[in-house]
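In our numbering, the protein residues as written are 3 to 205.
Using N, Cα and C, we set each Cβ at its ideal position, and we do this for glycine too.
Data first, discussion second: the structure below is written as structure tokens.
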């Protein structure tokens with residue numbers, strides 16, 4: 003039974019620092035391995051975050067073998083190859099363009115949403131891409147929450163990546179994320195953030 007007056011806990015300062023202000027994109031990884039249990043934990047955290055109509059369109063392929071990495075590197079921009087070579091695991095994040103097929107199960111209160119999305123390609127595309135991008139952000143935070151470092155990259159050939167890893171499926175790549183522990187000189191200097199006065203208005 004759901005409480006009629008629930009409360010929400012607050013993260014302490016250390017947890018906020020870990021997830022946000024203190025977190026950095028890593029460009030060089032240590033050789034420390036990342037276990038299957040750690041990767042499963044990342045997804046188990048990320049999958050609970052909200053999406054529109056509980057659509058959950060994000061899919062993940064973890065690349066960790068030498069053969070898989072060789073195939074992956076062929077489709078990355080040249081500037082992203084060295085850092086990926088150092089990462090013990092790379093996640094290819096993808097959107098399932100047929101995510102709506104699962105709606106009767108994940109949104110049982112409105113099973114008719116499957117037919118609505120099936121009949122509207124534009125709506126299905128907007129919803130899938132936007133919510134997969136949301137989930138990609140959650141995924142990066144989950145990596146940090148698991149005590150690992152993330153190196154997200156958009157510099158790759160999506161068509162080549164899809165042919166290489168998702169041929170014959172309805173998955174389409176949107177982001178590549180290196181995962182591991184920071185190596186030597188793992189990040190650049192912190193870049194500035196826009197001041198709230200330029201980005202936040204009140205009404």
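According to DSSP, simplified to helix, strand and coil, what is residue 90? coil
Apart from the five residues just before and just after residue 62, which ones in its own chain have a Cβ nearer than 8 angstroms to its Cβ? 45, 93, 94, 95, 96, 141
Following the continuous alpha helix (DSSP H) through residue 125, name the residue where it begins and the one where it ends. 123-147
Do the stretch 30-41 and the stretch 175-191 touch if we need at least three Cβ pairs shorter than 8 angstroms? Verdict: yes, contact present.
Please report the residue range of the alpha helix (DSSP H) in which residue 45 lies. 38-48
The beta strand (DSSP E) enclosing residue 154, as first and last residue numbers: 151-155
Extent of the continuous alpha helix (DSSP H) run through residue 167: 160-167
With DSSP run on the structure shown, which of helix, strand or coil describes residue 101? Here residue 101 carries a helix assignment [DSSP, helix/strand/coil].
Buried/exposed call for residue 37, threshold 16 Cβ in 10 Å: exposed
Let me know the secondary structure DSSP gives residue 18 once reduced to three states. helix
Going by C-alpha distance, which of 152, 134, 199, 151 is nearest residue 173? Comparing Cα positions, the closest option is 134.
Could you tell me which of 167, 183, 110 sits nearest to residue 152, measuring between CA atoms? The closest CA to that of residue 152, considering only 167, 183, 110, is found on 183.
Cβ-based neighbour list, residue 22, same chain, cut-off 6 angstroms, excluding 5 preceding and 5 following: none
Excluding the five sequence neighbours on either side, which residues of its own chain have a C-beta within less than 6 angstroms of the C-beta of residue 208, listed in chain order? Residue 208 lies beyond the stretch modelled for the chain, which goes from 3 to 205, so this question has no answer here.
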